[in-house]
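*Asks:* Numbering (this note's numbering), first residue to last: 2 to 246.
Just dropping this structure here.
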Ligand code: NAP
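In structure tokens:
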């Protein structure tokens with residue numbers, strides 16, 4: 002009888018894992034996406050989309066779909082779903098592994114802050130023209146800074162009606178080259194960058210370009226995540242899956 006793996010996704014690691022896990026005999030792979038991105042890169046195997054309806058909804062899903070194991074491969078800043086998953090798997094007693102990509106290491110031009118709110122608070126003393134690379138969901142945190150100008154990069158446009166800061170929206174999907182990042186920073190006369198410490202290769206070029214151009218980077222630290230077994234890369238997650246079969 003095949004075992005059923007649920008991958009909580011929305012990251013490159015999740016897509017890579019789904020592709021590789023699909024080749025494991027006696028395993029059925031189901032990927033779950035939040036459904037925020039209009040044209041997501043669809044993982045291999047079965048894909049479901051949209052929230053589960055909190056912890057209770059996720060417990061129901063795990064039971065209804067007879068899920069045997071869960072891998073939380075969501076983004077390091079997607080804390081809510083990770084905490085929900087940790088609670089839900091405990092209730093239904095199935096194993097869980099999290100894929101947590103290593104954070105980027107601190108650099109001298111970084112100012113590390115705890116949250117987007119803290120990032121917004123220091124910006125007026127730091128720069129006038131800012132490259133905001135935190136995605137589209139938390140833009141409204143910066144909207145009150147009407148004296149500043151923002152270049153806001155995201156995959157899909159902001160949701161209509163959401164307050165966003167003054168500036169320009171740049172629709173683009175990672176990965177980006179250092180050259181591309183450098184020319185955006187120069188063309189828009191950027192004086193500071195705001196980033197989340199997402200880690201990984203896809204968006205690291207902005208940090209290299211900022212270092213070259215000697216621009217400060219306001220780096221938002223990761224939220225706290227539930228304790229439990231973690232892998233830093235897909236390869237280790239595949240080993241874990243095979244151990245569970
Ligand atoms: P979040 O704050 O942790 O989750 C908010 C709610 O969205 C969850 O309670 C859940 O709704 C739903 N959700 C999130 N991830 C889901 C998934 N993989 N499958 C089904 N439902 C999911 O998450 P977020 O920060 O909004 O991120 C949403 C998605 O975007 C995640 O898949 C994440 O991997 C991806 N992503 C996030 C970031 C980021 O910076 N936050 C960056 C890149 C990609 P219910 O409570 O209704 O189940």
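Yeah, the Cβ is synthetic: ideal placement off N, Cα and C, and Gly gets one too.
This structure is a prediction, so every number in the text was calculated from the model and none was measured.
Sort out for me which residues DSSP pairs residue 169 with in a bridge.
*Replies:* In DSSP, residue 169 forms a bridge with 152.
*Asks:* In the DSSP assignment, find the unbroken beta strand (DSSP E) run with residue 239 in it and report its ends.
*Replies:* Premise fails: residue 239 lies in the alpha helix (DSSP H), 235-245, not in any beta strand (DSSP E).
*Asks:* Put residue 146 into one of helix, strand or coil per three-state DSSP.
*Replies:* If DSSP states are grouped into helix, strand and coil, residue 146 belongs with coil.
*Asks:* Note down, one range per segment and in chain order, each beta strand (DSSP E) of at least 3 residues found wholly within the segment 58-101.
*Replies:* Whole beta strand (DSSP E) segments, 3+ residues: 70-73, 97-100.
*Asks:* Out of 161, 213, 77, 158, which has the shortest C-alpha to C-alpha gap to residue 179?
*Replies:* That would be 213, whose Cα lies nearest to the Cα of residue 179.
*Asks:* Considering only C-alpha positions, which residue in the set 168, 188, 211, 187 is nearest to residue 196?
*Replies:* The residue with the shortest Cα to Cα distance from residue 196 is 211.
*Asks:* By the three-class DSSP mapping on this structure, what secondary structure does residue 7 have?
*Replies:* Residue 7 falls in the strand class under three-state DSSP.
*Asks:* Output the distance between the C-alpha atoms of residue 219 and residue 118, rounded to the nearest integer angstrom.
*Replies:* When rounded, the distance between both Cα atoms is 12 Å.
*Asks:* Going straight from the alpha carbon of residue 166 to that of residue 208, what length do you get?
*Replies:* Spanning the two alpha carbons is a distance of roughly 22 Å.
*Asks:* If you measure between the beta carbons of residue 100 and residue 19, is that distance less than 8 Å?
*Replies:* Contact flag unset, no.
*Asks:* Compute the minimum distance between the beta carbon of residue 78 and the heavy atoms of ligand 1, and state whether it is under 7 Å.
*Replies:* Residue 78 Cβ: within cutoff of ligand 1.
*Asks:* Beta carbon of residue 61: closer than 7 Å to some heavy atom of ligand 1?
*Replies:* Not under cutoff, so the answer is no.
*Asks:* Just the C-alpha distance for residue 186 and residue 203, rounded to the nearest angstrom, thanks.
*Replies:* Distance between the alpha carbons of residue 186 and residue 203: 17 Å.
*Asks:* Using a 10 Å radius around the Cβ and a threshold of 16 neighbouring Cβ atoms, would you call residue 73 buried or exposed?
*Replies:* Buried, by the Cβ-count rule.
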